[in-house]
Every structure is written in C-alpha cells, then in structure tokens.
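Protein chains: 2
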Amino acid sequence: MNIITSRDNSKVKRLVSLHKRENARREGLVFLEGERLCRDAFDSGIKPCEVIVTEKNISWAESHANGAEVTALSDDCFKKIASTVNPQGIACIVKQPVLEAKIPYRGDGNDIYAVLEDIQDPGNLGTIIRTADAFDFTAVIMSPSTCDPFNEKTIRASMGSVWHLPLVTSSMDDAFAFFAEKGIDSLAMHLKGEDLKEADIRLPAAYLIGNEGRGLSDETSAKCTRLVKIPMPGKAESLNAAAASAITGYVLSSKRK
Amino acid sequence: MNIITSRDNSKVKRLVSLHKRENARREGLVFLEGERLCRDAFDSGIKPCEVIVTEKNISWAESHANGAEVTALSDDCFKKIASTVNPQGIACIVKQPVLEAKIPYRGDGNDIYAVLEDIQDPGNLGTIIRTADAFDFTAVIMSPSTCDPFNEKTIRASMGSVWHLPLVTSSMDDAFAFFAEKGIDSLAMHLKGEDLKEADIRLPAAYLIGNEGRGLSDETSAKCTRLVKIPMPGKAESLNAAAASAITGYVLSSKRK
Chain A
239 MNIITSRDNS KVKRLVSLHK RENARREGLV FLEGERLCRD AFDSGIKPCE
289 VIVTEKNISW AESHANGAEV TALSDDCFKK IASTVNPQGI ACIVKQPVLE
339 AKIPYRGDGN DIYAVLEDIQ DPGNLGTIIR TADAFDFTAV IMSPSTCDPF
389 NEKTIRASMG SVWHLPLVTS SMDDAFAFFA EKGIDSLAMH LKGEDLKEAD
439 IRLPAAYLIG NEGRGLSDET SAKCTRLVKI PMPGKAESLN AAAASAITGY
489 VLSSKRK
Chain B
239 MNIITSRDNS KVKRLVSLHK RENARREGLV FLEGERLCRD AFDSGIKPCE
289 VIVTEKNISW AESHANGAEV TALSDDCFKK IASTVNPQGI ACIVKQPVLE
339 AKIPYRGDGN DIYAVLEDIQ DPGNLGTIIR TADAFDFTAV IMSPSTCDPF
389 NEKTIRASMG SVWHLPLVTS SMDDAFAFFA EKGIDSLAMH LKGEDLKEAD
439 IRLPAAYLIG NEGRGLSDET SAKCTRLVKI PMPGKAESLN AAAASAITGY
489 VLSSKRK
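Protein sequence lines, in the order shown, are assigned to chains A and B.
Counting the first sequence from 1 gives a position; my numbering is that position plus 238.
Counting the second sequence from 1 gives a position; my numbering is that position plus 238.
What follows is the structure, encoded as structure tokens:
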C-alpha cells in the first residue's frame, strides 16, 4: 500500500480540514480519531467512508474498513491530521447520522424523552445521551441552540451512545405539539417544582432540562404539564445538568411496567 | 495603589508558579482565577490569603479582601499569571482546606458517604462532590489515587461544593474498618449487583464508585456488605461515574427519615 509521507499532499490537507468540526458538519461527515471512537461507531453498525491509519495499523484498517477506502499516512503526516499529541494512528470518517426532524414514538406506554433546552457543554450533552441510551429512552430531543452532538467531546462522553438512539432537533413548540397530540406528560425540571419522589408521574413522559447557567426558560416551563424538582437538603443550590438528567431518567425508567 | 507592570517582577513570577497546581499544593495553597471561583470560596467562609486584580478591579478586591493583601497588576501582567485567554482580571490565593484524615460521623441514622476508588476525571470528581453536597452527605471519601479535589477543573465543576463538605483521603481498608465499627452498610456499585430499586438498603450507608475505566476493583467489591446495580434496559453498558453517583445519592437520600 502507498504511504503518504508529505504534509503538503492534498489528501492530508483535506483530512486536516475535515478534522475541524465545522468543515465536516458542512459536508455531513464526522471525523473520529482513536481506536475507541472508531470501534464504538463500527460496533453500532456505522460503516466508515474512509479509514486513515499509520503504517503499523494497516492490518487493523483492512480488518475494519468494511469495503471503505484505506489511507495510510506516515507517522509525521498522521500527527498533522490528529488532535492528540501522541496519536494512536487510527482515525476514520463516517457519515453523520441525520438528526431526525420527526419525533419517534413507540406507543407501548413506556416512552421516555429527554428534552434539552440549549445545553451548551459538550461533555454534559454526551453524558445525557449515554444515560438516555442506558435507560432505553425513545429519543433525545434538542432545541436548535443545543450544542452539536457530533462534536468530538460529546461523542467521547457518550461512550458510543450517540450512535444508538434517535437524536432529534426540534423547536420547543413542535415538541410540545407532539406531546399534546400523544398525551405525553411534560415535566419541567425546576427548582420551584413538586418533589420528584412524591409526584404522581405516569409514562409516557418527557422531562425538560435547561441550559447549564440559566436553567429552563420561564416560557418553556410554563408550557409543561408539571414542574418537578429533585429535593436537595444540602448546601448546593442546583445539580449539574447531566446529574439531574440521570436521576430523572432513573426515576422515570423505574416506573415502567 | 502601586500597580505592577513588569512581567519580570518577582511577585508576578511567584504567582505564575503558584498557578501551577503542583506548586500551590506543595505550599498548601489553592490559586483561584475568575470572579465566580473566588466568590464561591468567599461565600463559603474561606478567607483569601491574597487577592490579585487588574487596575479596574481594585475596588472589587478591596471590598472582598477581608483583610488580606491586595496585589494590583497591569492587564499584561495579569495575562501572564492567568490561564484563560481573556482573563477577567480577578484571582485569589486561599489556604487549601486540610483533607481530613478522620472520617466524620453524625450518628443520627442518616449518614451517607460516597467512597471513590481512583476516580481520575477532575470534572467527574467535581460533579460527584456537588451532588454529595446537594444531598447533604456526611463526607466524600477518596482513595489516595483519586485525582486532586483542588484541581481547578474539579473546583469549577463542583460549583463551590468543594468548600462545603468534608473531603477525606483514606485507604479503602481504613474506610471499611470505620464502616464496620459504626455498622454502616457499604454498597458496591457493580454490574453484577442486585437491582438498586429493589435492594433493602437502610441508612447509614456508604456507596463505592470505581475508576472510570476499570470500575470498582474485585478486592474492594469483595469487602462491601452488598453489591447493587442501576438497572439499564438500553444499549449503553455502563453509566458515567458522576451520573451513577447522582442516581445512588438520590436513592439513598430519599430513604432518610
């Protein structure tokens, strides 16, 4: 196999460009660096468009390419396209899954949705998606201003869960219209809400988590069928968004029949 | 007030050095940058040893110094001591709270402890401490290899909670000896445990969370009085350590009388 050794090679330049998230997004692609991120995607049935490796990883690439093109780079060229200081020499490009426009619905009485209003921290978003996947949510619904779920940090924090469950971008209005149509309870996670432990919550249900700094907007809270809060007897005034989402997800999941 | 304008000034050099965590730790100090981190500490009753500001923040410094020395730097010098690209021009140095060697005990039947075996991610540690504070745990107990709770990322993720509750460094053996002496149930968060929802857990209790990659060691799990797991009907095989800690903390807290 031909190994690219020049940093000025046009392919190297294109890969450097695609590792910038905004460029990959524009082309509907996701650049994944490192064996773990690549394997998480492959194990979830995502096929690579291209596998990029250093010489010592060519056999890895050939056994994982699944028909895709394999590009081999010298260690030096790989360093140029990598974002880590000591790259493993394994990367791939996959098609970005389409963020669904329509909210999926199972209709078995056990649907659970997490609805995120403008979550900004990629690590929080990834952790929320991982938890939603662990508790078998029907979908994670994100306001258009929520951060990009195919950001590298989010993919990493999700531990592969970004590939497992539907991620939907939706306006809050469209989400509420859907919940009303299907008779789905919408719970605002709100410091003025009733105690989550005592609230008579029934599935199907969606819970709404607001931005890390501002919490849920008054406008969105007002549209929810119920305000609930996680009781906090201690000194901290609020919980991390991903921690609050984990607790609520667990409580809702435990109400499944 | 005299404003330091030279990057070669010995004070500037000392501050640059103290902003490296290992140097501050060696002196038993914590360097806090930015108004939020400083205020979180002051609001928790921590007195600064020194407040460092740019010229435009001198009045802020004077109203928050609480008797401590105020150092004023030019914008350029402040950039040198700061880790952010566009610093706010506010920082302080505080004494590092002593990591308690003895595990505190309230004895009211409601004690809850989080025990962390080698948690490595500073953001996870901060989030776990924030949750422990919100649920009014008696203490967070950390194995000696757990990451530094006064790391800047941990302090930031804790939203001030590092200043609110006892943080104890303890060997696992000493922790188990304490639990045995006081009759405190110890719950290993373990994928082979019994369902957290159905387990007959009574307070006082401690739960043990393992390292992000390896989980709880077999040795530690074997010493616990009980193995419990968070049921995960979906595809993700595990939860983020801070998410698992939040769920368990909520469940234990809700058992208080």
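The beta carbon of each residue, even a glycine, is placed where N, CA and C say it ideally should be.
Quick caveat: nothing in here was measured; it's all calculated off a predicted structure.
Contacts that residue i makes with chain B (C-beta to C-beta distance below 7 Å)
{"i": "A:F388", "result": "Within 7 Å Cβ-Cβ: nothing; A:F388 doesn't reach chain B, min ~17 Å."}
{"i": "A:K435", "result": "S492"}
Proximal chain B residues relative to residue i, where beta-carbon distance stays under 8 Å
{"i": "A:R368", "result": "A474, L477, N478, A481"}
Boundaries (first-last residue) of the beta strand (DSSP E) holding residue i
{"i": "A:H302", "result": "Unbroken run through A:H302 is the alpha helix (DSSP H), 296–302; no beta strand (DSSP E)."}
{"i": "B:C287", "result": "286–292"}
{"i": "B:D456", "result": "It is not in any beta strand (DSSP E) - B:D456 instead sits in the alpha helix (DSSP H) that spans 456–461."}
{"i": "A:I447", "result": "443–447"}
{"i": "B:T499", "result": "With chain B represented from 239 up to 495, any question about residue 499 of chain B goes unanswered, as that position is not in the structure."}
{"i": "B:G487", "result": "Careful: B:G487 lies outside any beta strand (DSSP E), inside the alpha helix (DSSP H) at 479–491."}
{"i": "B:A395", "result": "That residue, B:A395, is in no beta strand (DSSP E); its alpha helix (DSSP H) goes 390–396."}
{"i": "A:A341", "result": "For clarity, residue 341 of chain A is Ile in the given sequence; the question names Ala instead. Counting along the chain, A:I341 falls outside any beta strand (DSSP E), and DSSP gives it neither H nor E."}
{"i": "A:A474", "result": "Run containing A:A474: none; DSSP gives neither H nor E here."}
{"i": "A:R464", "result": "464–467"}
{"i": "A:T407", "result": "405–407"}
{"i": "A:M380", "result": "377–380"}
Cutoff 8 Å: residue i Cβ touching any chain B Cβ
{"i": "A:K420", "result": "no"}
{"i": "A:H402", "result": "yes"}
{"i": "A:G361", "result": "yes"}
{"i": "A:I485", "result": "yes"}
{"i": "A:Y343", "result": "no"}
{"i": "A:Y488", "result": "yes"}
{"i": "A:I357", "result": "no"}
DSSP-derived helix/strand/coil call for residue i
{"i": "B:V336", "result": "coil"}
{"i": "B:C330", "result": "strand"}
{"i": "B:N261", "result": "helix"}
{"i": "A:E271", "result": "strand"}
{"i": "B:I357", "result": "coil"}
{"i": "B:V313", "result": "Note that residue 313 of chain B is Asp in the sequence shown, not Val. Looking at B:D313 - three-state DSSP - the assignment turns out to be helix."}
{"i": "B:D281", "result": "helix"}
{"i": "A:V323", "result": "coil"}
{"i": "B:K435", "result": "coil"}
{"i": "A:S399", "result": "helix"}
{"i": "A:K318", "result": "helix"}
Under 9 Å from the C-beta of residue i: neighbouring residues of chain A
{"i": "B:P471", "result": "A372, F373, D374, S491, R494"}
{"i": "B:I393", "result": "Result: empty, since nearest Cβ-Cβ is about 13 Å, beyond 9 Å."}
Rounded Cβ spacing between residue i and residue j (contact assumed at less than 8 Å)
{"i": "A:P335", "j": "A:A306", "result": "Not quite, the Cβ-Cβ distance comes to about 17 Å (not below 8 Å), so this is no contact."}
{"i": "A:H257", "j": "A:I319", "result": "6 Å"}
{"i": "B:K430", "j": "B:K467", "result": "7 Å"}
{"i": "B:L425", "j": "B:L446", "result": "7 Å"}
{"i": "B:R464", "j": "B:A437", "result": "7 Å"}
CB contact below 8 Å: residue i versus chain A
{"i": "B:T365", "result": "yes"}
{"i": "B:A339", "result": "no"}
{"i": "B:M397", "result": "yes"}
Per-residue contacts from residue i into chain A (C-beta, under 7 Å)
{"i": "B:I468", "result": "Y488"}
First and last residue of the uninterrupted alpha helix (DSSP H) at residue i
{"i": "B:M410", "result": "410–420"}
{"i": "A:V254", "result": "248–256"}
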